[in-house]
Every structure is written in structure tokens, then in C-alpha cells.
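Peer 1: Have a look at this one before I ask anything.
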Amino acid sequence: MPKMGICLVCGCSEDEVEKMHYFPKNTEKSRIWQENMGIKFTGTSLRNYRICSRHFSKQCYKNLLTYELHQEAKPTLHSSQASSNEASNSTDISVRNTCMTSHANEVQLFSGVPEVVSGDERIPLQQEIISDVNTESKPESSHVKTSKCSYFKGIADLEKRTASSRKLKLMEMVVRREDHIRKLKYLCKRRAHDIKALSDLSDSDVMDLKQINAACRVTPQKPIQKLHDLPIDFPNEIICAKQVSGKFVSQILLELEDCVVFLPQRATSVLENHVDSLKGYRLVFRGTRNFGSQHHETADFEFLEPL
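Per the UniProt record's numbering, residue 1 is the first one in the sequence shown, and the count goes up by one each step.
Structure follows, in C-alpha cells:
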């Protein structure tokens, strides 16, 4: 009598596996099991022979604690695939070949037992199993793609089918960091342009900028409407006028020599009506500055200086 306590496919004993399952009594169902495991079907159901739980996938079990099979469960895993988590690939394949050869010789001694396929006929299947095991044993880094345009190579382009929730969060963080870096580079480029523009200024331009800033700081709080209201202590004083008239502009330009005058944009029409009073003066700056230290009003100024 052949040994009934071992697996008919791989030769493992009851002590080496979680559970043993008998072949089905139904001849058609048993034929499917035998063909899936590479056993030649001879018309018998092999109801007295058993197969170990290593040849069934997890989906075949109702409960992994009791290893109870579903009604339509079929063995699909060969010995090398079933034991890949317990030993190395080469060891599993060599052990399976040894078990298959020794068990085939043992089974052939009895006429009532079907013949197991020889090793030569199972070579294509072994090559397929080896290729599958090698594919599963490849490290996860083989699925990582590097992007030439990414600042963090090998992280932002992970395949989503292999990425967990933690990896997806990491990828989102990397995208935000890259956007921040692009904004910083754009800001640095603008700052470099501003520095270059300031470095090209002459000494006179620098003095003009200082005078403009000083004029904005010392603007009187109440509008200047008369000439005697101007705080004139010495020539070249900067004068800020918030409300002007034609007569007022004429008095400033005629009585004060070598002075710089800031006027609101609404005074442009007044200046155009008093062209005779503007002889010797020209427009050199036009821009927007804060007008008034309390309310921070914004007004457009015309910058005049003597020729």
C-alpha cells in the first residue's frame, strides 16, 4: 500500500503542512484536480489519496483558521509556488523535483494508482513557475521610474498600483515642494533683476530717490494754499502741494529759485495754462507714492526741477 499520510503531489507529510485534503469522490471534479496538478487521469477519483493545503490559494478557503475549502475550490498552486515564502526559489524547485521523482516511482508500483507525469514532460511548467517566482521576488525598486524633470528623482513617479496610502501622501508632499521651489526661483529671478536695475543708477538718480522718499515723509497734514504757508527755510527745499491754483503755481516758480516741486496729477491742467511760468523747468519723473502719513492716500505726482 502506498503511504496515505503524504501529499500525492509534493510528498509532504501531515507534520509539514497546515492541513491535508482528500481528493473529491466525484470523478469529474477529481479529474480537474488531477489535471491541475499534472497527474494523468486514469478514470479513478483517488478518493483515498490526499493533497496538502499548500496547493490551494487563499481564495479557496472559507476560513483561514480552519482551512475549510469552498464547494468549487480547485488546487492551482504547485509545490514551488506554495512554499516560496518558506524557502529560497532554488531549494523549493529542487525539493519538488526530488519529491515528484521518488513519489512517481513509488506510485507506479501499484496498478490501481494513476501514473504521475514524468519530469521531462513538466519542464515547461517548471520554467513557467521559476519565471513567476523570480518576478515575485524582484525588489520593489524595480517598479520605480525616475523623472528627469523632477527635483526628487525616484519618488514623484512611483507607479500608483504599487503605492500605498503612505506613498501617495509622500508623492503629494513632493509635488507641493516642487511648486514651492519653482515659486522661489521665479522670486529670486525678479529680485536679481531689481538689484541689477538699482546697481545701474547714477549718483544723481539715487539722490532723486532719496528726495522723493523724504518728500512723502514730510508732507504737511493740511493743504498748502498760500505761498506764506510753505515751510521754506533755504533754497532747494522740497515742496509738496496737495491743492494748487494757477496763481499759486506761478508764485512758486517765480519767487523760489532752484527748488523741486511735487504736484498732484490734477494740477497738470493748471500747469498747461501757465506755460510762461514754467520756463526753465522740465518733467523728469512721474509715478505713484503714498501721499499723507495718516491716511496713506495714493496720488500721481509730477517731478519738476530747473534746467
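We treat Cβ as the ideally placed atom computed from N, Cα and C, and that holds for glycine.
Along the chain, where does the alpha helix (DSSP H) containing arginine 182 start, and where does it finish?
Peer 2: Along the sequence shown, one-based indexing puts residue 182 at 182. Looking at the DSSP string, the run of the alpha helix (DSSP H) that includes arginine 182 is 165 to 199.
Peer 1: Would you kindly work out how many angstroms separate the C-alpha atoms of lysine 189 and glutamate 178, rounded to a whole number?
Peer 2: Looking up residue 189 in the sequence shown gives position 189. Looking up residue 178 in the sequence shown gives position 178. Spanning the two alpha carbons is a distance of roughly 17 Å.
Peer 1: According to DSSP, simplified to helix, strand and coil, what is asparagine 36?
Peer 2: The residue labelled residue 36 in the question sits at position 36 within the sequence shown. Asparagine 36 falls in the helix class under three-state DSSP.
Peer 1: Taking 7 Å as the cut-off, does the CB of lysine 58 come closer than this to any heavy atom belonging to the ligand MN?
Peer 2: Among the ligands in the structure shown, none appear at all, so the ligand MN cannot be discussed.
Peer 1: Check whether the stretch 62 to 69 touches the stretch 27 to 38, taking contact to mean three or more Cβ pairs, one atom from each stretch, closer than 8 Å.
Peer 2: No, the stretch 62 to 69 is not in contact with the stretch 27 to 38.
Peer 1: Just verifying my parser: in three-state terms, what is the DSSP assignment at cysteine 12?
Peer 2: Counted from its first residue, the sequence shown places residue 12 at position 12. If DSSP states are grouped into helix, strand and coil, cysteine 12 belongs with coil.
Peer 1: Should serine 173 go down as buried or exposed, given a rule of 16 or more other Cβ atoms within 10 Å for buried?
Peer 2: Translated into positions along the sequence shown, residue 173 becomes position 173. Before going on, a small fix: residue 173 reads as methionine here, not serine. Exposed, because fewer than 16 other Cβ atoms sit within 10 Å of the Cβ of methionine 173.
Peer 1: Below 8 Å between beta carbons: does that hold for serine 45 and lysine 25?
Peer 2: The count along the sequence shown starts at 1 and reaches residue 45 at position 45. The count along the sequence shown starts at 1 and reaches residue 25 at position 25. Yes, they are a contact pair.
Peer 1: Quick one: residues in its chain with C-beta nearer than 6 Å to the C-beta of residue 351, no 5 flanking neighbours on either side, listed in chain order?
Peer 2: No information on residue 351 is available, as it lies outside the stretch 1 to 307 that the chain covers here.
Peer 1: Considering only DSSP beta bridges, list what asparagine 63 is partnered with.
Peer 2: Numbered from 1 along the sequence shown, position 63 holds the residue referred to as residue 63. Bridge partners of asparagine 63: Glu68.
Peer 1: Are the CB atoms of arginine 50 and histidine 21 within a distance shorter than 8 Å?
Peer 2: Taking the sequence shown and counting its residues from 1, one reaches residue 21 at position 21. Taking the sequence shown and counting its residues from 1, one reaches residue 50 at position 50. Against a cut-off of 8 Å, the Cβ pair of arginine 50 and histidine 21 comes out as a contact.
Peer 1: Going along the chain, which residues of its own chain have a beta-carbon closer than 7 Å to the beta-carbon of lysine 196, five neighbours each way excluded?
Peer 2: As a position in the sequence shown, residue 196 is number 196, starting the count at 1. Answer for lysine 196: no residue qualifies.
Peer 1: Using 10 angstroms around the beta-carbon of glycine 11, count the other beta-carbons present and answer buried if the total reaches 16, otherwise exposed.
Peer 2: Here the question's residue 11 lines up with position 11 in the sequence shown. Buried, because 16 or more other Cβ atoms sit within 10 Å of the Cβ of glycine 11.
Peer 1: Quick one: what does DSSP say histidine 78 is sitting in, helix, strand or coil?
Peer 2: Residue mapping note: residue 78 aligns to position 78 of the sequence shown, counting from 1. Residue state, collapsed to three classes: coil.
Peer 1: Apart from the five residues on each side of it in sequence, which residues of its chain come closer than 8 Å, Cβ to Cβ, to arginine 68?
Peer 2: Reading the sequence shown from its first residue, position 68 is the one you call residue 68. Per the sequence shown, residue 68 should be read as glutamate rather than arginine. Taken in chain order, the residues that qualify are Tyr61, Lys62.
Peer 1: DSSP three-state label for arginine 50, please.
Peer 2: Here residue 50 is taken as the residue at index 50 of the sequence shown, counted from 1. Here arginine 50 sits in strand by DSSP.
Peer 1: Let me check understanding here. Comparing Cα to Cα, which of Glu18, Phe23, Ala73 lies closest to valine 9?
Peer 2: Indexing the sequence shown from 1 puts residue 9 at position 9. It is Phe23.
Peer 1: Please report whether the beta-carbon of serine 13 lies at a distance below 8 Å from any beta-carbon of chain B.
Peer 2: Among the chains in the structure shown there is no chain B, since it carries only a single protein chain.
Peer 1: From lysine 19 to threonine 76, what distance separates their C-alpha atoms?
Peer 2: For the purposes of this step, residue 19 is taken as residue 19 along the sequence shown, with counting starting at 1. For the purposes of this step, residue 76 is taken as residue 76 along the sequence shown, with counting starting at 1. Lysine 19 and threonine 76: Cα-Cα distance of roughly 16 Å.
Peer 1: Can you give me the C-alpha to C-alpha distance between lysine 29 and arginine 166, rounded to a whole angstrom?
Peer 2: On the sequence shown, position 29 is the one that residue 29 refers to. On the sequence shown, position 166 is the one that residue 166 refers to. Each residue's alpha carbon lies about 44 Å from the other.
Peer 1: Provide the residue span of the beta strand (DSSP E) that contains histidine 55, from first to last.
Peer 2: If you number the sequence shown from 1, residue 55 lands on position 55. Segment: none, histidine 55 is in no beta strand (DSSP E) and carries neither H nor E.
Peer 1: Quick check: the Cα distance between leucine 184 and histidine 193, rounded to an integer number of angstroms?
Peer 2: As a working note, residue 184 is residue 184 in the sequence shown. As a working note, residue 193 is residue 193 in the sequence shown. Going by the C-alpha atoms only, they are around 14 Å apart.
Peer 1: Determine the closest residue to histidine 55 out of Ile181, Val17, Ser164, with distance taken between C-alpha atoms.
Peer 2: What you label residue 55 is simply residue 55 of the sequence shown in a count that begins at 1. For the residues Ile181, Val17, Ser164, the minimum Cα distance to histidine 55 belongs to Val17.
Peer 1: Are there 16 or more other CB atoms within 10 angstroms of the CB of serine 199, so buried, or fewer, so exposed?
Peer 2: One-based indexing of the sequence shown puts residue 199 at position 199. The residue in question, serine 199, is exposed, as its Cβ has fewer than 16 Cβ neighbours within 10 Å.
Peer 1: Do you know how far the Cα of serine 53 is from the Cα of histidine 78?
Peer 2: The residue labelled residue 78 in the question sits at position 78 within the sequence shown. The residue labelled residue 53 in the question sits at position 53 within the sequence shown. Cα to Cα, the separation comes out at about 11 Å.
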